[in-house]
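Residue numbers (the UniProt record's numbering): 1 to 143.
Heads up, the thing below is written out as C-alpha cells.
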C-alpha cells in the first residue's frame with residue numbers, strides 16, 4: 001500500500017495529477033492515512049499503462065475506455081494495432097521530414113527556395129497541413 005506522496009515518487013507523476021486521474025476514474029484510492037490517499041500496489045501498474053498509452057498518443061478518455069477504473073485492464077488488440085499503424089505512419093512522416101531538413105542543410109543550391117527537392121518538401125508539408133485541417137473539421141473531437 002502506498003500513500004499519494006510515495007506513489008508520486010515511485011511513478012514520477014505529481015500528486016495533483018494522481019488526484020486528477022482518480023477524479024476522472026483512471027485510478028482508485030482505497031482509503032486514507034491521515035489526509036493522504038492510499039493506493040494498492042496494482043495502481044503502479046495502472047500508472048505505467050497510462051504513461052505508456054499517453055506516449056503512444058492515446059487521450060485520457062481513450063485510456064479510460066481501454067483500462068477502465070477497476071480490476072485487470074482489458075487491452076483491445078485491434079485498438080492497439082490501429083495505434084501501432086498510426087505510429088508507423090508518423091514515423092515515416094518524421095523520417096521524411098528529417099531527411100528533408102538534412103538535405104536542405106547540405107544543399108548546394110544558392111538559395112533553398114531554388115532547390116527542387118526543397119520546393120517538393122514545402123508542397124508536401126502544405127498538402128499535409130490542408131488534409132489535417134479537413135480531418136479536424138470532420139472530427140472536431142479528435143483534433
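The beta-carbon is built from N, C-alpha and C at its ideal position, and this holds for glycine as well.
Item                                                                                                                  : Value
Cβ pair count under 8 Å reaching 3, the stretch 106-113 against the stretch 75-87                                     : no
Near the ligand COA: residue 137 beta-carbon under 8 Å from a heavy atom                                              : By its list of ligands, the structure shown contains no ligand whatsoever, and the ligand COA lies outside what it can speak to.
Straight-line Cα distance separating residue 16 from residue 34                                                       : 17 Å
Close beta carbons around residue 112, own chain, < 6 Å, minus the five adjacent residues each side                   : 104, 118
Spatial neighbours of residue 44 in its chain, beta-carbon cut-off 8 Å, leaving aside the 5 residues before and after : 2, 7, 10, 11
Close beta carbons around residue 100, own chain, < 8 Å, minus the five adjacent residues each side                   : 117, 118, 121
Closest residue to residue 65 among 136, 24, 19, 5 (Cα-Cα distance)                                                   : 24
Continuous beta strand (DSSP E) stretch holding residue 100: start and end                                            : Unbroken run through residue 100 is the alpha helix (DSSP H), 77-106; no beta strand (DSSP E).
Of the residues 76, 14, 137, 87, the one placed nearest residue 55, counting alpha carbons only                       : 87
Residue 32 beta carbon less than 9 Å from that of residue 18                                                          : no
Element boundaries [alpha helix (DSSP H), containing residue 60]                                                      : 60-67
Anticipated Cβ contact below 8 Å, residue 46 with residue 67, distance rounded                                        : 6 Å
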